[in-house]
Amino acid sequence: MAKATEGVDHDGVLRQIAEEAGWSGRYAFLIVISAAISLLGLLMPSVAVLIGAMLLSPLMMPIIGLGFGIATLDFHEIRRAATALILGAAIAVALSVVLILLSPVQTITSEIAGRTQPTLFDLLVALLSAIAGGYALIRGRGGTVVGVAIAIALMPPLVVVGFGVATWNWVVFSGALLLFMTNAITIALTAALVARCYGFGSHLSPHHTGWQLVLFAVAIGVLSIPLGAGLRRIAFEAVAQRQVRDALGEDFPPGARLSQVEIDHGANPVRVRAVMLTPRIEPGADRKLAADLRRRLSRPVDVHVDQVRISPETGAVEAAQIARAGNGDALRTARERDRAIADVALIAGVPLSSVQFDLAARTIRAAAAPLTGLGIAGYRDLERRADTAIADWHVVLDPPNDVVLPDVIIDSGVIDDQTLGEASWASARLARTLAVSGGSLRQRTATAEGIVARGGRAEPGRAGGRLRLRWSVDTDQAAPGAQSGGVAPGKQAAP
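Now the structure itself:
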């Protein structure tokens, strides 16, 4: 230890930290400029511009000053450095929020996304960089501190925090805040340990040193939990990407080529959408791939592959042409379909797995969840609204099997047309026959014929009592959703 402290100007280092780690007009100016440059670099996006912001590095000295204050237990220095750090961070975030709200560009660029998923690697970078920065400061190698500032990049994560606040994006906000906190805490505590190794705080007792080591270990341990989870998630995504490509390559015939693949790891189940150029269409490919990937990834997977048939002789040429043209239409169509299915599921009040679709007929069908007090007219209106709201798709909503049938209204000898329309709609949706009972034979027959004329199924029933509708007990009571899965020929189960 004595050899390590030889030639170290302790007073000079502490004097430099006292001058540069506190609040000043110069520090505030550099915060504003660095935040503005960082924001431009993130939105453009441009690594070169971001490096320019990192070179200013106004936050570096308050954090190192905080670390040296912890090393020497100088509470006045800790307070000065912490105040400068908190005020500087608040100014950077506030300025970012204002500028982003004024900016016409509010999209998540690659540089922004790259600062929302911190891992253990980021902690290791901060740890090693802090060792280098502390050593450079103590030994008077200022150029190294600049390099350390570039490696750690404190300002861009703060600007991304502001982006998350301005756009109300919790994922961006929390991820960037975790990255900044990881960098700041790791640098401060590592700088404190480096300072102790070089003789700063030599007046402290072994008891104080022990508490400093415990503080360092606990802080690093706590940070390692979410960062380790982030690393595990990224590792799983990388493995899943490779496994999906391998499975697609193995489950299609020779000569097939993967044009595009999109994996939504955040969905449950994991959602895979791909475009495959193949010389032979593989029926049931989605089902086989889902089973294969479920085995490989040990997680449920929802797969849909759009197969584009190419000639075996000219497959390479066709594949190149499709690639040049950009086969994003297939994936775009799949995403639009998934959005429409999700909207129908929300309207019907049912899970995604119970929604059915016919891609060729552009039809989405779901059995609506029972809603207290809602009759056939309400479910019919719900279907009409959904069909209007979801463009380019025909929406079919089946009412519950126990839906209350409408009363038959006869005014001046004329059967109410709305009643006939509602009854025929329910009969057609549930594929069930209505029995018209009560009233006179003429009324029963006319009502049944009116329902049939409007597309439903009905028959005259028993006499006696007032004219009313009920489901015929002599017909199949099952609704479409219970008949062979409720999917017409050519239909597919929705994800």
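Each number in our numbering corresponds to the 1-based position in the sequence shown with 200 added.
We put the CB at the ideal spot given by N, CA and C, even for glycine.
These figures come from a predicted structure and were not determined experimentally.
(1) Which first and last residues belong to the alpha helix (DSSP H) in which R329 is found?
(2) For the beta strand (DSSP E) that contains P660, what are its first and last residues?
(3) How about L320 and T390: are their beta carbons less than 8 Å apart?
(4) Do you know offhand how far P453's Cα is from D607's?
(5) L295 to A235, Cα distance in whole Å?
(6) Note the first and the last residue of the continuous alpha helix (DSSP H) segment covering L358.
(7) Please list, in chain order, all residues of the same chain as H408 whose beta carbon is under 7 Å from its beta carbon, the five residues on each side excluded.
(8) If you drop the 5 nearest sequence neighbours on each side, which residues of the same chain put their C-beta closer than 7 Å to that of L378?
(9) Per DSSP, what kind of secondary structure is A560 in: helix, strand or coil?
(10) Enumerate in chain order the residues of its own chain whose CB-to-CB distance from L324 is below 8 Å, with the five nearest sequence positions on each side excluded.
(11) If you draw a straight line from the alpha carbon of G466 to that of V475, how long is it in whole angstroms?
(12) At a cut of 8 Å, does the region 611-626 reach the region 563-574 through at least three beta carbon pairs?
(13) Given this structure, state the Cα-to-Cα distance separating L413 from A388, to the nearest angstrom.
(14) Going by CA-CA distance only, name the one from V305, I615, G656 and Q618 that's closest to A635.
(15) Taking the C-alpha atoms as reference points, what is the distance between R215 and A330?
(16) Between the region 623-640 and the region 585-603, do three or more beta carbon pairs fall short of 8 Å?
(17) Let me see if you follow: with CB-CB separation under 8 Å, is D558 close to chain D or not?
(18) What span of residues does the alpha helix (DSSP H) with E622 cover, start to end?
(19) Can V360 and I312 be called in contact, C-beta distance under 8 Å?
(20) Based on the DSSP secondary-structure assignment, which residues constitute the bridge partners of L458?
(21) If contacts are defined as beta-carbon pairs under 8 Å, then G225 and I237 qualify, I think. What distance do you get, rounded to the angstrom?
(22) Along the beta strand (DSSP E) that carries V595, what are the first and last residues, could you check?
(23) Taking 6 Å as the limit between beta carbons, can you name the residues of its chain near D492, skipping five residues before and five after?
(24) When the Cα atoms are used, what is the spatial distance from A218 to G265?
(25) Go ahead and pull the three-state DSSP assignment for W223.
(26) Taking A635 as part of the beta strand (DSSP E), name the residues at either end of that continuous run.
(27) I need the straight-line Cα distance from A540 to I590, nearest angstrom please.
(28) With distances taken Cα to Cα, identify the nearest neighbour of L302 among Q443, L497, V439 and L243.
(29) How big is the Cα-Cα spacing for A292 and L230?
(30) Looking at the structure shown, is H504 part of a helix, part of a strand, or coil, going by DSSP?
(31) Do you know whose CA, among E482, R580, R480 and R499, lies nearest V470's CA?
(32) With respect to the beta strand (DSSP E) encompassing L669, which residues constitute its N-terminal and C-terminal limits?
(33) Helix, strand or coil for A567, going by three-state DSSP, please let me know.
(34) Return the first residue and the last residue of the alpha helix (DSSP H) that S310 is part of.
(35) Between the beta-carbon of A569 and the beta-carbon of V544, is there less than 8 Å?
According to the structure shown:
(1) It should be noted that the sequence gives Ser, not Arg, for residue 329. Looking at the DSSP string, the run of the alpha helix (DSSP H) that includes S329 is L320 to R339.
(2) Per DSSP, P660 belongs to the beta strand (DSSP E) from A658 to P660.
(3) Cβ atoms of L320 and T390: not closer than 8 Å.
(4) CA-to-CA, the gap between P453 and D607 works out to about 59 Å.
(5) Separation of L295 and A235 (C-alpha to C-alpha, rounded to the nearest whole angstrom) is 7 Å.
(6) Counting along the chain, L358 sits inside the alpha helix (DSSP H) bounded by residues M355 to A366.
(7) Answer for H408: L273, listed in chain order.
(8) Taken in chain order, the residues that qualify are P318 and P426.
(9) Note: A560 maps to coil in three-state DSSP.
(10) The answer is none, since no qualifying residue turns up.
(11) So the two alpha carbons sit approximately 20 Å from each other.
(12) The region 563-574 and the region 611-626 do not touch, with fewer than three beta-carbon pairs separated by less than 8 Å.
(13) Going by the C-alpha atoms only, they are around 13 Å apart.
(14) Just measuring C-alpha positions, the residue of V305, I615, G656 and Q618 sitting nearest A635 is G656.
(15) Going from the Cα of R215 to the Cα of A330 covers about 20 Å.
(16) The region 623-640 vs the region 585-603: in contact.
(17) This model lacks chain D altogether, as it is built from one protein chain only.
(18) That run of the alpha helix (DSSP H) goes D617 to L630.
(19) Closer than 8 Å, so yes.
(20) Partner(s): M476.
(21) So it is not a contact: roughly 19 Å between Cβ atoms.
(22) Note, V595: beta strand (DSSP E), H594 to D598.
(23) Sequence-distant partners of D492 (beyond 5 residues in either direction) whose C-beta falls short of 6 Å from its own C-beta, in its chain, are A447.
(24) Rounded to whole angstroms, A218 to G265 spans 7 Å at the Cα level.
(25) It is coil, neither helix nor strand.
(26) It spans L634 to S637 - the beta strand (DSSP E) in which A635 sits, taken as one unbroken run.
(27) Roughly 6 Å between the two C-alpha positions.
(28) Each of Q443, L497, V439 and L243 was checked against the Cα of L302, and the nearest Cα belongs to L243.
(29) Roughly 10 Å separates the two Cα atoms.
(30) Correct three-state label for H504: strand.
(31) Residue R499 is the option with its Cα nearest to V470.
(32) From DSSP, the beta strand (DSSP E) with L669 extends over R668 to W671.
(33) In this structure, A567 counts as strand in the three-state DSSP scheme.
(34) Segment S310 to A313, the alpha helix (DSSP H) holding S310.
(35) No, they are not a contact pair.
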